[in-house]
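As structure tokens, the structure follows; a few thoughts come after it.
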Amino acid sequence: MEGDQMEKMINSLNSAQHQAVTAPLDSRLQILAGPGTGKTKTLTSRACYLLHRGVRPQKMIIMTFTNHATKEMKERIIAMTGDRGVSRFLKIGTFHSICLRYLQMFGSKIGLGDRLVILDDADKDSVLQSVMTSEVVVSQLEKLGYKRADKKAVFQMESDAENKVTPKSMSKRISWIKNHPGSLNQLKDKDPLRVIYDKYQSQVSMLDMLDFDDILTRAIDLLTDHPEVVNDIEAVLVDEFQDSSPVQLDLTRLFAQARKHVTVVGDPDQSIYSFRYANPENLKALSTEYPDLEVIYLEQNYRSTQPILDWATTLIRESSFRLGADRKLIGTSLNGGPGKPLIVTFRDDKSESYGIGRQILGLIQASGGMFAFDDFAILSRTREWNTKLELVLNELSIPYRTLGLQRFWDRAEIRTLLDYLRVVNSGKDRPAIVRTINVPKRSIGPSTMTALLEKVTEDTSLLNVMEQVAMGELKWGGMSKALPGKIKGYLDLVRRCRDHINEDPHSTAGLVKAVDVLISEIKPHEIYGVSQENTENRKKNLEEVRNFIGSCDTSAETFEFEPEQGQDVAMTALQLLLQSSSLGSGQEGEGKPKKVVTLSTIHSAKGLEWPVVFAPHCVDAHLVRCNDMKEVDEARRLLFVAGTRAKALLYFTWPLNYTSYGRSESSQLIKFLDRARSPAIGSTVISATAMKTPTQGQLEQIAKLLGRPFTPHRQDTLQSTIQHTSKRTVQHSSSGRSHIQHPRLWSHVPHTQSMHSAAPPKYKGFQSPLISQPGPGSTSQPISAKRPSSQQSSHPLPTSKRSNIGPVSSQRGGLGSFQSPVVGMAFQSPVVGMAGFQSALSVLGDDATNRPKGKTSDRPISKTPTKKGDKSGD
DNA sequence: TGTTCTTAAGTTTTT
DNA sequence: CTTAAGAACA
Ligand SMILES: Nc1ncnc2c1ncn2[C@@H]1O[C@H](COP(=O)(O)OP(=O)(O)OP(=O)(O)O)[C@@H](O)[C@H]1O
Ligand SMILES: [Mg+2]
Numbered sequence: 006m007e008g009d010q011m012e013k014m015i016n017s018l019n020s021a022q023h024q025a026v027t028a029p030l031d032s033r034l035q036i037l038a039g040p041g042t043g044k045t046k047t048l049t050s051r052a053c054y055l056l057h058r059g060v061r062p063q064k065m066i067i068m069t070f071t072n073h074a075t076k077e078m079k080e081r082i083i084a085m086t087g088d089r090g091v092s093r094f095l096k097i098g099t100f101h102s103i104c105l106r107y108l109q110m111f112g113s114k115i116g117l118g119d120r121l122v123i124l125d126d127a128d129k130d131s132v133l134q135s136v137m138t139s140e141v142v143v144s145q146l147e148k149l150g151y152k153r154a155d156k157k158a159v160f161q162m163e164s165d166a167e168n169k170v171t172p173k174s175m176s177k178r179i180s181w182i183k184n185h186p187g188s189l190n191q192l193k194d195k196d197p198l199r200v201i202y203d204k205y206q207s208q209v210s211m212l213d214m215l216d217f218d219d220i221l222t223r224a225i226d227l228l229t230d231h232p233e234v235v236n237d238i239e240a241v242l243v244d245e246f247q248d249s250s251p252v253q254l255d256l257t258r259l260f261a262q263a264r265k266h267v268t269v270v271g272d273p274d275q276s277i278y279s280f281r282y283a284n285p286e287n288l289k290a291l292s293t294e295y296p297d298l299e300v301i302y303l304e305q306n307y308r309s310t311q312p313i314l315d316w317a318t319t320l321i322r323e324s325s326f327r328l329g330a331d332r333k334l335i336g337t338s339l340n341g342g343p344g345k346p347l348i349v350t351f352r353d354d355k356s357e358s359y360g361i362g363r364q365i366l367g368l369i370q371a372s373g374g375m376f377a378f379d380d381f382a383i384l385s386r387t388r389e390w391n392t393k394l395e396l397v398l399n400e401l402s403i404p405y406r407t408l409g410l411q412r413f414w415d416r417a418e419i420r421t422l423l424d425y426l427r428v429v430n431s432g433k434d435r436p437a438i439v440r441t442i443n444v445p446k447r448s449i450g451p452s453t454m455t456a457l458l459e460k461v462t463e464d465t466s467l468l469n470v471m472e473q474v475a476m477g478e479l480k481w482g483g484m485s486k487a488l489p490g491k492i493k494g495y496l497d498l499v500r501r502c503r504d505h506i507n508e509d510p511h512s513t514a515g516l517v518k519a520v521d522v523l524i525s526e527i528k529p530h531e532i533y534g535v536s537q538e539n540t541e542n543r544k545k546n547l548e549e550v551r552n553f554i555g556s557c558d559t560s561a562e563t564f565e566f567e568p569e570q571g572q573d574v575a576m577t578a579l580q581l582l583l584q585s586s587s588l589g590s591g592q593e594g595e596g597k598p599k600k601v602v603t604l605s606t607i608h609s610a611k612g613l614e615w616p617v618v619f620a621p622h623c624v625d626a627h628l629v630r631c632n633d634m635k636e637v638d639e640a641r642r643l644l645f646v647a648g649t650r651a652k653a654l655l656y657f658t659w660p661l662n663y664t665s666y667g668r669s670e671s672s673q674l675i676k677f678l679d680r681a682r683s684p685a686i687g688s689t690v691i692s693a694t695a696m697k698t699p700t701q702g703q704l705e706q707i708a709k710l711l712g713r714p715f716t717p718h719r720q721d722t723l724q725s726t727i728q729h730t731s732k733r734t735v736q737h738s739s740s741g742r743s744h745i746q747h748p749r750l751w752s753h754v755p756h757t758q759s760m761h762s763a764a765p766p767k768y769k770g771f772q773s774p775l776i777s778q779p780g781p782g783s784t785s786q787p788i789s790a791k792r793p794s795s796q797q798s799s800h801p802l803p804t805s806k807r808s809n810i811g812p813v814s815s816q817r818g819g820l821g822s823f824q825s826p827v828v829g830m831a832f833q834s835p836v837v838g839m840a841g842f843q844s845a846l847s848v849l850g851d852d853a854t855n856r857p858k859g860k861t862s863d864r865p866i867s868k869t870p871t872k873k874g875d876k877s878g879d
């Protein structure tokens, strides 16, 4: 980095940040601070500072907890330093990816092969399934007093019917053990996990595989037994340290063991990964580990308006247990900014989605170009909910991207494709063989499979056994005559793929050929397709994968070791692909993010920020599943994280009714947001129809806040107010405190030319399968909108109709034809209790009245949209 | 023994 | 609405 650029960077820091960034190279530093105080900025700056001071990139390790966080930080550092070896050598990544890299490089020192295959959750389950039905384990468990449920891998103690021993429960406990170093030895003698763990572990290592947690524990082994492999490490930096599990704390220490130059940042209030055994106490544990640890606090929030920060402060104060000190979050904005977070009530989940979509369009329009699509984020609790929102965004032609798409590879057709590739990669990959052998149907069922597996020994892998059967060298009583032929067909296919790949194992060309062979021979789309349309979509998905494989540069994702560290293993393109698919790295679209709305889980959005944030589905049942204090606290922190992503506008939305498993259920506003149950939270609850765009004055404030130009303009020509006085309004005027507003009708779909130019951009050239491309003119369906074996109905819009929807469609009707029952009412600060509130809302009209006709033929609850002319009768 | 039809049970969040 | 497991069927 140039000196003056360095100086510029330093100058942009406040004094506490400055102190942290420029602390002596050999310090142990911890930065504790709330959201938006510049922790990540400080950490990134420190990395740059260290590089500037002569630390070479290969001697620095930066660890994060999610792929997206890695990507963000890497980009920031490259931008600040102008690369200088950063992208090639800097050891930056998730704990898992960095550990795996070390295991590839040095794994032979601890007896690992150089073909590491990562076991995913499905694999883990199937291994446990087979372990727990094996004779040895069954008899051992029965000896311990467990009763086996007939033929199944389910056991239970009579005295303790609650705690069943199932593959699922064991999987979780195994993971717990591996995340808590030393805990294995403390298992009670008669704990069933003992025998299961042993069997599981020997099975997995026999197959030359590692599960996700093994990546960490084996790295611990490596760094403990061979500390010399990190002798060169001069700095270890970790962001979001409150997300670390005990094993990750150990890893941090071990990676830094040569010089103990450590910088970690964290915020205990943002601990939302306890399901992964994250423990914010690790922040404390670090000061025990390093007695001279210097702790620096940052006080100033640079992200959000004060009303948002006040809301967040109040919310988090209600925690029943908090690790950090209670600090009021202090922002920079002078007087309040545009207003408090809004809590918006919708009739059902459909109108909730449409409401959010429309508000985005409305805000963009009202802002006169100040807002663009990429200023918005929708942050959900579950991925499932994102999927539902996607459909609506598509209909409204709102371009979007989804963050954190690990599940992309879980689609049935893609999964099969990948499983075949795994078999090609390693004949030892038993789970992959088992899953592919009878896909398509080859008349090889469970009993044949068991027979084959019984023949497997130390030296003969499953694939070897199959070869022998195919050659007629191996047979058994009752074996089907047709079996050798069938197996031969399978093996030939695998071989053909392998031949293609071997033409040039390090390029992706052969890989693509192999994929082509698989697609045309197996036709996975036809196997899983339930309708013609569904089949076509699956075909498209497969083609996206093919393109993705063809154009991805997997080597660019990881760092190189220095030659003197030893010979690096030359990974084949296939290995790199499989690794990146299981670690979920390299899935974020390359290059600059497009101008699109971000759709993400709250978890994946941690550390990021947007001017406008929507947090949908803020419903009790959806956010907290039991009333355990710890669960409730974590749910609260989750909401805290979601809310503190917002710079200026923050919306929480919730549906009065939502559909679950096809059934409609009523819901309750999450208690933290409900003033009746949490009086301290001073947010305003309004009805769907009262949600409007900010006034021009407020927008001006926002623009100032964001440092953007803004020209106030009269909206009235664009947003003529349609006022319906309805009998429902009367009902509410009785509540003296709440006054009735006649909101601007933002929710009609914009139809101006400027809107068109903001409409979905057309992406040229290669498209990562992970960037969705909605809207008319798109050539492919957004594959992220579908689940593995979704029915036709999950894709409600046939392409032919899509040109007719979204912003364009309203052009025909214009304003006049839009007949929404507008009942404006906003409850200003003093809000009535839930009871009266709900009754008032339940009669509110649907705001989604003019949603386009798709074949959303699901529920008769919502009457046919366009013919809802009864409203005129009001 | 494998395939197909019927019925009961079930969901976070990431690597 | 999906998916896994059980029963009947070929
Ligand atoms: N000294 C500063 N002056 C101006 N802006 C700053 C300063 N420090 C940080 N910011 C800005 O504040 C915002 C939040 O910074 P950052 O993401 O680093 O915070 P954080 O503490 O990591 O937040 P989180 O806890 O959500 O991860 C960023 O837009 C950043 O550029
Ligand atoms: Mg951060």
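Under the numbering used here, the residue at position 82 of the first sequence is numbered 87, and the numbers go up by one with no gaps.
Each residue gets a CB set at the ideal place from its N, CA and C atoms; glycine is no exception.
For the alpha helix (DSSP H) that contains residue i, what are its first and last residues?
{"i": "Tyr302", "result": "No alpha helix (DSSP H) contains Tyr302, which is instead part of the beta strand (DSSP E) from Glu299 to Leu303."}
{"i": "Pro29", "result": "Here Pro29 belongs to no alpha helix (DSSP H), and DSSP marks it neither H nor E."}
{"i": "Leu189", "result": "Counting along the chain, Leu189 falls outside any alpha helix (DSSP H), and DSSP gives it neither H nor E."}
{"i": "Val470", "result": "Leu467 to Ala475"}
{"i": "Ala670", "result": "Strictly speaking, residue 670 in this sequence is Glu, with Ala absent from that position. That residue, Glu670, is in no alpha helix (DSSP H); its beta strand (DSSP E) goes Arg668 to Ser671."}
{"i": "Thr293", "result": "Glu286 to Glu294"}
{"i": "Tyr54", "result": "Lys44 to His57"}
By a C-beta neighbour count over all protein chains shown, 10 Å radius and 16 as the cutoff for buried, is residue i buried or exposed?
{"i": "Val200", "result": "buried"}
{"i": "Glu549", "result": "buried"}
{"i": "Phe645", "result": "buried"}
{"i": "Glu245", "result": "buried"}
{"i": "Arg500", "result": "exposed"}
{"i": "Trp481", "result": "exposed"}
{"i": "Pro779", "result": "Because Pro779 sits at a pLDDT of 35, beneath the cut-off of 50, its placement in the model cannot be relied upon, and the point is left open."}
{"i": "Pro445", "result": "exposed"}
{"i": "Gly838", "result": "Only weak support is given to the placement of Gly838: the predicted model assigns it a pLDDT of 24, under 50, and the value that follows is read from those uncertain coordinates. That one is exposed."}
{"i": "Glu508", "result": "exposed"}
{"i": "Glu478", "result": "exposed"}
{"i": "Asn287", "result": "buried"}
{"i": "Gly612", "result": "buried"}
{"i": "Pro568", "result": "exposed"}
{"i": "Val330", "result": "The residue you asked about is not Val; residue 330 is Ala in the sequence shown. Exposed: under 16 other Cβ atoms inside 10 Å."}
{"i": "Ser20", "result": "exposed"}
{"i": "Met1", "result": "Nothing can be reported for residue 1: it is not among the residues displayed for the chain, which extend from 6 to 879."}
{"i": "Phe326", "result": "exposed"}
What residue range is occupied by the uninterrupted beta strand (DSSP E) comprising residue i?
{"i": "Lys169", "result": "Asp165 to Val170"}
{"i": "Ala240", "result": "Ala240 to Val243"}
Measure how close the beta-carbons of residue i and residue j come, nearest whole angstrom, since I'm counting them as under 8 Å.
{"i": "Pro346", "j": "Trp390", "result": "Not quite, the Cβ-Cβ distance comes to about 19 Å (not below 8 Å), so this is no contact."}
Among all the DSSP beta bridges, which residues are the ones paired with residue i?
{"i": "Arg322", "result": "Answer is none; Arg322 lacks a bridge partner."}
{"i": "Ala38", "result": "Leu303"}
{"i": "Lys152", "result": "Gln161"}
{"i": "Ser605", "result": "Leu384"}
{"i": "Tyr656", "result": "Leu347 and Phe619"}
{"i": "Leu215", "result": "Ile123"}
{"i": "Asp353", "result": "Asn662"}
Task: Contact between the segment 425-437 and the segment 115-135 (3+ Cβ pairs under 8 Å) - done: In the pairwise beta carbon analysis, the segment 425-437 is classified as touching the segment 115-135: at least three pairs are separated by under 8 Å.
Open item on the list: Assess contact between the segment 87-97 and the segment 63-70, defined as three or more Cβ pairs (one per stretch) separated by less than 8 Å. Is contact present?
Closed with: Yes, the segment 87-97 is in contact with the segment 63-70.
TODO: Indicate whether the contact test is met: 3 or more Cβ pairs, each with one atom in the segment 383-400 and one in the segment 483-494, closer than 8 Å.
DONE: Result no; under three Cβ-Cβ pairs closer than 8 Å.
Task: the segment 112-122 in contact with the segment 227-246 per 3-pair CB rule at 8 Å - done: Contact holds: three or more Cβ-Cβ distances are below 8 Å.
Open item on the list: Could you check whether the segment 158-178 touches the segment 467-475, counting it as contact only if at least three pairs of C-beta atoms, one from each stretch, sit closer than 8 Å?
Closed with: Taking 8 Å as the limit for Cβ pairs, the verdict is that the segment 467-475 does not touch the segment 158-178.
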